[in-house]
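Have a look at the structure below before the remarks.
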Amino acid sequence: MVRIALPHDDVSPGTGCLPPRAWYATSDARALCLNGNWRFRLSPTADAEDDAFAADGYDADTDGRGAWGEIAVPGHWVLQGHGTPHYTNQLYPFPVDPPRVPTDNPTGDHLRVFDLPGDWPAAGTTVLRFDGVESCARVWLNGTGLGDFKGSRLPHEFDVGPLLRPGRNVLAVRVHQWSAGSYLEDQDQWWLPGVFRDVTLLHRPEGSAGDHFVHAAYDHRAGTGTLRVDADVRGRVTVPELGVDMATGESATVPVEPWTAETPRLYDGVLATAGERVPLRIGFRTVAVEDGLIKVNGRPLLFRGVNRHEFHPETGRALDADTMRADVLLMKRHNINAVRTSHYPPHPAFLDLCDELGLWVVDECDLETHGFQAVGRRGNPVDDDRWTPALLDRAARMVERDKNHPSVVVWSLGNECGTGRGLTAMAEWIRARDDSRLLHYEGDRSCADTDLYSRMYADHAEVELIGRGEDEGPEARRRLPFVLCEYAHAMGNGPGGLTEYQRLFESYERLQGGFVWEWIDHGIAHPAYEYAYGGDFGEEPHDGNFVCDGLVLPDRTPSPGLLEYKKVIEPVRIDGDGHAGVVRITNLHDFATLGHLSFTWSYEADGVRVADGPLAVPALGPGEHAEAQLPPAPPHAPEAETGWTVRAVLAADTAWAERGHVVAWAQLPHEAGAVRPAARGASPVREGRRTTLGPAVFDDRGALLALGDLRIADLRLDVWRAPTDNDNGMPWRPEPSLATRWRQLGLHRMQHRLDAVEPSGDALTVRTRVAPAASDLGLRAVYRWQSDGARLLLALEVEPEGEWTVPLPRLGIRFGLPGARGPVRWFGGGPGEAYPDTRAASMTGLWEADVDALQTPYVRPQENGARPDVRWARIGGLRIDSGHRPWLTARRWTTEELDAARHRADLVPGRTVWVNLDIGQHGIGTGSCGPGPLPPYQLHARPTRLDVTFSTAVTRGNMP
Numbered sequence: 004m005v006r007i008a009l010p011h012d013d014v015s016p017g018t019g020c021l022p023p024r025a026w027y028a029t030s031d032a033r034a035l036c037l038n039g040n041w042r043f044r045l046s047p048t049a050d051a052e053d054d055a056f057a058a059d060g061y062d063a064d065t066d067g068r069g070a071w072g073e074i075a076v077p078g079h080w081v082l083q084g085h086g087t088p089h090y091t092n093q094l095y096p097f098p099v100d101p102p103r104v105p106t107d108n109p110t111g112d113h114l115r116v117f118d119l120p121g122d123w124p125a126a127g128t129t130v131l132r133f134d135g136v137e138s139c140a141r142v143w144l145n146g147t148g149l150g151d152f153k154g155s156r157l158p159h160e161f162d163v164g165p166l167l168r169p170g171r172n173v174l175a176v177r178v179h180q181w182s183a184g185s186y187l188e189d190q191d192q193w194w195l196p197g198v199f200r201d202v203t204l205l206h207r208p209e210g211s212a213g214d215h216f217v218h219a220a221y222d223h224r225a226g227t228g229t230l231r232v233d234a235d236v237r238g239r240v241t242v243p244e245l246g247v248d249m250a251t252g253e254s255a256t257v258p259v260e261p262w263t264a265e266t267p268r269l270y271d272g273v274l275a276t277a278g279e280r281v282p283l284r285i286g287f288r289t290v291a292v293e294d295g296l297i298k299v300n301g302r303p304l305l306f307r308g309v310n311r312h313e314f315h316p317e318t319g320r321a322l323d324a325d326t327m328r329a330d331v332l333l334m335k336r337h338n339i340n341a342v343r344t345s346h347y348p349p350h351p352a353f354l355d356l357c358d359e360l361g362l363w364v365v366d367e368c369d370l371e372t373h374g375f376q377a378v379g380r381r382g383n384p385v386d387d388d389r390w391t392p393a394l395l396d397r398a399a400r401m402v403e404r405d406k407n408h409p410s411v412v413v414w415s416l417g418n419e420c421g422t423g424r425g426l427t428a429m430a431e432w433i434r435a436r437d438d439s440r441l442l443h444y445e446g447d448r449s450c451a452d453t454d455l456y457s458r459m460y461a462d463h464a465e466v467e468l469i470g471r472g473e474d475e476g477p478e479a480r481r482r483l484p485f486v487l488c489e490y491a492h493a494m495g496n497g498p499g500g501l502t503e504y505q506r507l508f509e510s511y512e513r514l515q516g517g518f519v520w521e522w523i524d525h526g527i528a529h530p531a532y533e534y535a536y537g538g539d540f541g542e543e544p545h546d547g548n549f550v551c552d553g554l555v556l557p558d559r560t561p562s563p564g565l566l567e568y569k570k571v572i573e574p575v576r577i578d579g580d581g582h583a584g585v586v587r588i589t590n591l592h593d594f595a596t597l598g599h600l601s602f603t604w605s606y607e608a609d610g611v612r613v614a615d616g617p618l619a620v621p622a623l624g625p626g627e628h629a630e631a632q633l634p635p636a637p638p639h640a641p642e643a644e645t646g647w648t649v650r651a652v653l654a655a656d657t658a659w660a661e662r663g664h665v666v667a668w669a670q671l672p673h674e675a676g677a678v679r680p681a682a683r684g685a686s687p688v689r690e691g692r693r694t695t696l697g698p699a700v701f702d703d704r705g706a707l708l709a710l711g712d713l714r715i716a717d718l719r720l721d722v723w724r725a726p727t728d729n730d731n732g733m734p735w736r737p738e739p740s741l742a743t744r745w746r747q748l749g750l751h752r753m754q755h756r757l758d759a760v761e762p763s764g765d766a767l768t769v770r771t772r773v774a775p776a777a778s779d780l781g782l783r784a785v786y787r788w789q790s791d792g793a794r795l796l797l798a799l800e801v802e803p804e805g806e807w808t809v810p811l812p813r814l815g816i817r818f819g820l821p822g823a824r825g826p827v828r829w830f831g832g833g834p835g836e837a838y839p840d841t842r843a844a845s846m847t848g849l850w851e852a853d854v855d856a857l858q859t860p861y862v863r864p865q866e867n868g869a870r871p872d873v874r875w876a877r878i879g880g881l882r883i884d885s886g887h888r889p890w891l892t893a894r895r896w897t898t899e900e901l902d903a904a905r906h907r908a909d910l911v912p913g914r915t916v917w918v919n920l921d922i923g924q925h926g927i928g929t930g931s932c933g934p935g936p937l938p939p940y941q942l943h944a945r946p947t948r949l950d951v952t953f954s955t956a957v958t959r960g961n962m963p
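In the numbering used here, the protein residues as written are 4 to 963.
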């Protein structure tokens with residue numbers, strides 16, 4: 004049998020393409036965008052159709068052999084009604100038999116018929132450019148084959164000048180979903196085939212600019228920049244603001260303001276050749292490893308970074324300019340200063356935005372072979388010389404395309420490929436082509452091909468050892484700077500432990516920060532589920548909702564995790580002594596002074612602002628600190644809890660946020676406030692099968708039924724929460740997850756036994772035991788109810804029995820408020836959710852929100868919505884006070900319903916509002932891919948007490 008050879012299962016990078024070159028957004032040469040509606044047909048295999056559709060003069064409307072529809076380009080056909088998406092994290096969705104792929108290989112034929120504009124120049128030539136096609140494309144123009152290519156997130160160009168004609172040009176593109184290139188693109192994302200980036204015709208006049216390389220170094224000692232532009236075509240370089248006018252290849256050294264992510268100073272220039280004028284945006288900066296540290300312009304930097312896949316819930320990896328700008332603006336507004344382009348070069352326009360608005364970029368090659376780990380790395384392309392040309396092609400296309408971006412300070416060879424000769428060849432080529440940037444690759448612990456030691460998901464203890472230089476490994480590696488290229492896996496509720504990581508980064512200079520995994524939840528818009536994740540399209544194998552692990556929800560709504568990250572990585576530290584009225588300000592910027600910020604103070608009494616004003620702070624330089632004096636405390640009610648809030652805000656509008664945008668803040672307590680007297684004095688009265696105690700009514704089993712006219716349902720001890728993604732852990736690990744251990748013990752189905760109901764002179768005491776089936780572990784819970792006639796006091800004491808080796812999910816009480824309506828108002832932490840290790844962004848204040856607004860709509864429903872440190876709350880006519888400052892959760896479904904839900908649409912609000920008041924919550928951690936909660940945030944069974952006062956009346960001084 005003769006095997007049919009097709010380009011899609013060939014290890015070569017392709018044929019017919021022009022050499023890679025620098026990308027630029029515009030020039031004075033003509034361009035024709037070919038984006039729009041293309042004709043499309045889908046075939047089940049790579050060879051189901053011949054290439055007759057590519058013939059000169061082909062007309063899809065008159066061809067009766069195939070059903071042609073339309074598809075939007077850029078776009079993915081599986082998101083436009085043709086086939087379905089497929090998600091895997093690391094497993095290949097086809098047999099591992101490189102370079103071959105399955106016979107069942109969805110193949111999309113694309114047709115675009117276009118006319119040239121009437122004034123399209125006749126002289127010169129024209130280039131056809133594809134900025135991104137997944138995963139293998141064959142291209143024809145007017146019946147002539149141009150070639151084929153792989154490298155989905157990389158540009159490819161063809162010279163088509165001799166083939167063009169004024170009218171009815173037929174561009175035909177055949178795209179295979181699977182190809183040999185798919186083995187190099189196993190990148191923890193949806194497999195989304197199609198022409199998903201721009202398609203453009205670029206006129207190339209005689210004497211047009213070819214490839215060019217802008218070298219713009221900065222000497223921080225002299226304050227000068229040295230500019231040289233190397234170009235394939237001779238021309239002149241002008242930078243009017245700097246008085247530069249020189250030939251290509253020449254150098255000029257002039258005084259300049261350097262480019263940094265904090266101060267993204269760009270100079271406008273022009274590269275002019277005989278046939279073209281190309282705008283240049285020049286940023287002067289120098290990147291080096293000196294004294295074991297990553298330094299830019301002579302100063303160490305700290306990455307406050309994030310990993311970013313390109314994703315939109317409706318268009319997949321086909322992003323428009325507004326979406327890319329929205330991403331950068333959100334990052335800047337949340338104090339993020341760096342992005343790792345996981346795991347491929349982004350749309351080039353994104354890097355323009357990073358240059359303009361200021362982000363450090365680790366530009367990563369379109370390369371990951373993670374799925375070979377499942378077969379013991381046998382056949383791994385990065386250690387197979389047959390694949391090396393393809394690897395080098397990918398490296399070259401990244402470097403050549405992006406080399407003129409000052410924001411790009413690090414090249415990354417790829418992600419999770421193991422080790423091999425091909426990676427070394429890539430590193431050698433990149434170093435030879437561009438020695439002005441650093442080289443990164445996490446997968447080689449020897450660091451033989453890199454300039455920095457990079458890890459992912461190392462726990463806090465190991466990171467601290469690395470910071471101290473006490474980690475194991477080669478001595479040469481201990482002299483390298485360290486970066487966490489992935490950490491703080493932001494899947495669902497979380498990530499926890501950010502504060503402790505940041506404290507380490509700021510304590511040890513070798514630790515130069517990290518990149519949270521990742522930016523966005525990859526939930527695909529779905530009519531039934533709202534957002535779909537792995538398996539929702541019937542695909543096998545899949546990795547479930549592991550694709551939803553971002554700091555923003557699929558619609559780019561910031562998650563509580565992003566707000567927490569913003570707080571933790573603030574570039575200004577504010578602390579001090581509220582009693583003494585002293586504020587300490589530390590500038591944590593690496594380059595910028597505090598001259599762009601203004602500082603304010605406000606004074607709150609019981610969460611209500613009573614005064615505010617400006618705070619004089621000098622324009623501190625990087626690393627400098629100073630103290631400022633607060634004014635005398637303004638008059639306030641003597642029994643009020645008081646404190647100061649100090650904010651650092653933008654002093655003027657910037658390109659990324661308006662004047663007044665809050666960059667950093669801190670709260671300094673002043674006075675603790677008076678303690679309300681306990682609700683005691685009334686006696687319980689038995690009336691038939693009911694007992695009254697002040698305004699409360701209990702049944703004969705001691706269950707609270709009502710408080711005045713307000714019904715109370717099923718008040719009892721509660722230890723269960725709907726497990727978070729981090730509670731569910733890592734399915735590939737052999738040890739059971741925390742959630743599995745909870746379920747094995749039976750904490751989701753605890754049984755409540757009534758032991759005694761004991762009325763006395765001033766109290767009603769109810770004794771219970773709460774325990775899981777098939778275990779001798781238990782929790783003794785004693786409810787002591789008292790009243791002063793208007794209010795009802797619960798003193799709950801919990802005593803564990805047995806040897807508890809598993810922490811509790813939560814500990815507190817749960818009850819229902821049937822028919823409760825209206826907003827929730829509380830004095831405590833807010834406005835968003837917080838848990839023991841995710842509470843840095845929680846601000847003490849007086850807050851109000853509807854019950855539905857208290858929920859965080861994670862793509863996969865799970866525990867969410869807790870507000871910490873609640874002094875008092877009012878919900879549905881019920882007033883709650885507690886000196887123990889519990890966590891408050893309120894939702895219109897039970898925890899059991901939340902636990903059973905798999906998508907947002909599964910949650911159907913009921914008429915009862917279910918309230919949890921927790922004296923303890925287990926931390927969140929990042930156990931979905933990383934360490935669990937640190938010991939201080941683990942909730943272990945121990946003797947515990949919770950005091951809560953309930954009332955329905957609003958008394959003076961309690962409810963603003």
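All residues carry an ideal CB built from backbone N, CA and C; glycine is no exception.
Report the rounded CA-to-CA distance for residue i versus residue j, giving the unit in angstroms.
| i | j | result |
| --- | --- | --- |
| D452 | E419 | 14 Å |
| W917 | R704 | 21 Å |
| A595 | E431 | 35 Å |
| S448 | P484 | The amino acid occupying residue 448 in the given sequence is Arg; Ser does not appear at that position. When rounded, the distance between both Cα atoms is 13 Å. |
| S763 | R877 | 30 Å |
| H599 | A654 | 6 Å |
| Q858 | H529 | 20 Å |
| G148 | F287 | 43 Å |
| Y568 | D909 | 29 Å |
| H11 | R424 | 24 Å |
| F602 | I588 | 10 Å |
| P963 | R874 | Any answer about P963 is weak, because its pLDDT of 37 lies below 50 and its placement is not dependable; what the coordinates show is given next. Near 13 Å, if we compare the C-alpha coordinates of R874 and P963. |
| I7 | Q180 | Low confidence applies to I7: its pLDDT is 44, below 50, so where it sits in the model is not reliable enough to give any reading. |
Give the single residue among the options whose Cα lies nearest to the Cα of residue i.
| i | options | result |
| --- | --- | --- |
| A844 | P282, S562, R68, E313 | S562 |
| D462 | R480, Y490, R481, G135 | Y490 |
| D438 | G805, R513, A629, V217 | V217 |
| F228 | V240, W262, R770 | The residue asked about is misnamed: residue 228 is Gly in this sequence, not Phe. Checking every option, the nearest Cα to that of G228 belongs to W262. |
Give the range of the beta strand (DSSP E) segment to which residue i is assigned.
| i | result |
| --- | --- |
| S46 | 39 to 48 |
| H218 | 215 to 222 |
| H529 | 527 to 529 |
| H179 | 172 to 179 |
What is the residue span of the alpha helix (DSSP H) that residue i lies within?
| i | result |
| --- | --- |
| T743 | 741 to 748 |
| G564 | 563 to 571 |
| G732 | It is not in any alpha helix (DSSP H) - G732 carries neither H nor E in the DSSP assignment. |
| A629 | A629 -> not in any alpha helix (DSSP H); beta strand (DSSP E) instead, spanning 628 to 632. |
| Y504 | 501 to 510 |
With a cut-off of 8 Å on the beta carbons, I'd call residue i and residue j a contact; round off their distance for me.
| i | j | result |
| --- | --- | --- |
| E573 | V700 | That pair is no contact at about 50 Å. |
| V613 | P637 | 6 Å |
- prompt: Three or more beta-carbon pairs under 8 Å between the segment 712 to 726 and the segment 814 to 827, yes or no?
  reply: Cβ pair count under 8 Å is three or more, so yes.
- prompt: Quick check: the segment 926 to 933 against the segment 895 to 913, are there 3 or more CB pairs under 8 Å?
  reply: Because the criterion of three Cβ pairs below 8 Å is not met, the segment 926 to 933 and the segment 895 to 913 do not touch.
- prompt: Is the segment 200 to 219 in contact with the segment 120 to 140, if contact means three or more CB pairs nearer than 8 Å?
  reply: Contact holds: three or more Cβ-Cβ distances are below 8 Å.
task: Determine, using beta-carbon pairs with one atom in the segment 301 to 313 and one in the segment 335 to 349, whether at least three such pairs fall under 8 Å.
output: Verdict: yes, contact present.
query: Is it true that the segment 774 to 789 meets the segment 882 to 892, where meeting means three or more beta-carbon pairs spaced less than 8 Å apart?
result: When Cβ pairs closer than 8 Å are counted between the two stretches, the segment 774 to 789 is seen not to touch the segment 882 to 892, the count staying below three.
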